[in-house]
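Down below is the structure, laid out as structure tokens.
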Amino acid sequence: MPQPRLLLTRPQPGAAQFLDRLSPALRDGAVISPLIEITATGEPVDLSPYAGVIFTSANAVAHAPQGEGRPAYCVGPQTTAAAGKAGWQAQMDGLDAEALIATLSERPQIGPLLHLAGRHRRADIAGILGAAGLKVETATVYDQTLLPLSTAAQTLLKGPNPVIVPLFSPRSAQHFAREASSTERVIALSISRAAAQALEALPLYAHDVAAEPTGEAMAEAVEKLFRCTTLP
């Protein structure tokens, strides 16, 4: 079997940062074709009424004001690390939004909070936490515009090599399912069961789900899939 190639579809700079995590064999010949472009909305953010913020994405951190020591309740280690570097008093309260909701629902005294978020989000965190007694409002600080797969990506998918495709969100998985010209040689890796569901109708060579919804787990799974596919 030909050696598999890697196709990365996550937005920049995340795609390049993820590629840097991987072994040289995987980086060689990898194609980056973001399916989503992250852009600022320009919505003004006044932090003064709030005791802290919620971050469910590192993209939100990048488009938020500097923390200046304010509390930030975060999803996942990467978002938490990004918030810490941006001056927030950052703590991780779950690996995904559901875990964060469960944690903060038990702490109504920490509010009011502001969820700094993208325009497209799977859960109404403010609404759910509000029902649990924690006052939360939302500010949409970035947008996620869908992009087509590049010519280089489509050529790779139609070629003779297996193609490892990590998918980091349900929305990007849904868009990949619509965009991909050929998937018979795709080895898909989904970050979650929700993302995996978007690929159920596709004819795939193989499909796996990361052990947990983190960049580290995704990188480890990509390396494992590469080794399993290349070994005789």
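In the working numbering, the protein residues as written are 138 to 369. We put the beta carbon where it would ideally sit given N, CA and C, even for glycine. The structure presented is a predicted model; accordingly, all values stated were derived computationally and were not measured.
DSSP state of residue i, grouped into three classes?
i    : result
D345 : strand
Q281 : strand
Q217 : The displayed chain sequence assigns Thr, not Gln, to residue 217. Reduced to three states, the DSSP call for T217 is helix.
E235 : helix
H252 : strand
K361 : helix
V198 : helix
P150 : coil
A260 : coil
P369 : Confidence in P369 is poor, its pLDDT being 47 and thus under 50, which makes the residue's placement unreliable; the coordinate value appears in the next sentence. Note: P369 maps to coil in three-state DSSP.
Q228 : strand
R207 : coil
R244 : coil
G296 : coil
L336 : coil
R164 : helix
A177 : strand
A276 : strand
L266 : helix
L184 : coil
L156 : helix
Cβ of residue i within 7 Å of Cβ of residue j?
i    : j    : result
A430 : A254 : Because the chain is modelled from 138 through 369, residue 430 falls outside the range shown and cannot be assessed.
P285 : I324 : no
A195 : Q215 : yes
G213 : L232 : yes
A347 : A358 : yes
S318 : Q291 : yes
P249 : Y187 : yes
P202 : I175 : no
G224 : G204 : yes
P245 : L271 : yes
L251 : E274 : yes
A177 : Y279 : yes
Assuming residue i and residue j form a contact by the criterion Cβ under 8 Å, report the distance between their Cβ atoms to the nearest whole angstrom.
i    : j    : result
F363 : I301 : 6 Å
T146 : S170 : 6 Å
S329 : P350 : 5 Å
Y342 : R322 : 5 Å
A310 : S327 : 6 Å
A260 : A234 : 5 Å
Taking the alpha carbon of residue i as the point to measure from, which residue in the options has its own alpha carbon closest?
i    : options                : result
V190 : Q226, H312, L293, E337 : Q226
V168 : K222, P186, L294, Q281 : L294
R308 : A223, I173, A153, E357 : I173
P139 : D345, C365, P297, G352 : P297
L266 : T277, A289, L237       : L237
R84  : T277, L271, R207       : Because the chain in this structure spans residues 138 to 369, residue 84 falls outside the shown range and cannot be described.
F155 : T366, E360, C365       : E360
P141 : R164, E274, D345       : R164
P340 : A354, T320, S327       : T320
A354 : M229, R158, A153, A177 : R158
G166 : G352, A338, L143, T288 : L143
A268 : A239, R256, P181, T288 : A239
Along the chain, which unbroken stretches of the beta strand (DSSP E) at least 3 residues long are found entirely within the region 303 to 327?
Whole beta strand (DSSP E) segments, 3+ residues: 323 to 327.
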